[in-house]
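S.K.:
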């Protein structure tokens, strides 16, 4: 390689890895090592070293057709689309829940052993509730997280919890998740401090909706509205084709 060409190459490994990843903008693209080296203008040995590292980190995978995008990228893209759809579907329902309860309304999604706050609508106690969009907390320490965890198999719960807090008392957590049960509803008078009470309901095993209010005595009255909101979001996420087929099943012949 000439001195001029070498001087034009990106200097850092991150820049060179970015050159490689930019070749895979089409999700189903497969490239050989030679194609990667030619298109990035990287020395073949350098390209090989980079793709080996990207494979180890699951950004790329290697098969008989060459190199392609790995699990990490595919999962990331899928999760981004899923969360965007969840937020869009939930937005008008959360607004109605805010008007009906005058409470702080949250939408959260399970991400490994954490719950990610996707939306927050203010009520009277909004400034006293230390959350914002993008906040992450250990799922087992929040009402939003626990109701979602309660929908998962026990071994999945344990793997997620021990990943974020290895020494946590799993037996106590399993008893609490069992009490949450089929109603998929959890209450907490302590999650956000004195005078604030929270209730959350699972949308499914990956998301939940909840409210926080400064009137703990009103929480049991508010809970049915939260359950209705969760059910409405769940219904909105169900593909229409499934809903139609459920209403138009063929009658059994006599």
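In the UniProt record's numbering, the protein residues as written are 1 to 254.
Glycine is no exception: its CB is placed at the ideal position from the N, C-alpha and C atoms.
Alpha carbon to alpha carbon, how far is residue 81 from residue 101? Give it in angstroms, no decimals.
M.R.: 30 Å
S.K.: Please return the same chain residues whose Cβ sits closer than 6 Å to the Cβ of residue 184, not counting the five positions on each side in sequence.
M.R.: 147, 201, 202
S.K.: How would you label residue 25, buried or exposed, when you count the other beta carbons within 10 angstroms and need 16 or more for buried?
M.R.: exposed
S.K.: For residue 144 versus residue 106, is the C-beta spacing smaller than 9 Å?
M.R.: Cβ distance < 9 Å, so residue 144 and residue 106 count as in contact.
S.K.: Determine the DSSP secondary structure at residue 238, reduced to helix, strand or coil.
M.R.: coil
S.K.: When DSSP labels each residue in this structure, what does residue 30 get in the three-state scheme?
M.R.: coil
S.K.: Please classify residue 185: does DSSP put it in a helix, a strand, or coil?
M.R.: DSSP places residue 185 within a strand segment (E or B) once states are collapsed to three.
S.K.: List the residues that DSSP assigns as beta-bridge partners of residue 111.
M.R.: 114
S.K.: What first and last residue would you give for the alpha helix (DSSP H) that runs through residue 145?
M.R.: 143–149
S.K.: Is the separation between the beta-carbon of residue 120 and that of residue 104 shorter than 9 Å?
M.R.: yes
S.K.: Assuming residue 212 contacts residue 125 (C-beta within less than 8 Å), just tell me the rounded distance between them.
M.R.: About 6 Å separates the CB atoms of residue 212 and residue 125; that is less than 8 Å, so the two are in contact.
S.K.: Taking the C-alpha atoms as reference points, what is the distance between residue 175 and residue 205?
M.R.: Taking the straight line joining both Cα atoms gives about 18 Å.
S.K.: Please classify residue 7 as buried or exposed, where buried requires at least 16 other C-beta atoms within 10 Å of its C-beta.
M.R.: Bear in mind that a pLDDT of 43 at residue 7, under 50, signals an unreliable position, so the model cannot answer this.
S.K.: Considering just the uninterrupted stretch of the alpha helix (DSSP H) at residue 178, what are its terminal residues?
M.R.: 170–180
S.K.: Are there three or more Cβ pairs, one per stretch, closer than 8 Å when the segment 183–198 is compared with the segment 214–221?
M.R.: yes
S.K.: Select from 96, 37, 85, 22 the residue whose C-alpha is nearest the C-alpha of residue 69.
M.R.: 22
S.K.: So residue 113 packs on residue 163, CB below 8 Å; how close in whole Å?
M.R.: 5 Å
S.K.: Pick out the complete beta strand (DSSP E) segments inside the UniProt domain "HTH iclR-type" (11–71), 3 residues or longer, and give them in chain order.
M.R.: Whole beta strand (DSSP E) segments, 3+ residues: 60–63, 66–69.
S.K.: Give me the residue from 58, 34, 140, 59 with the minimum Cα distance to residue 48.
M.R.: 34
S.K.: With C-beta atoms as the reference, is residue 109 less than 9 Å away from residue 207?
M.R.: yes
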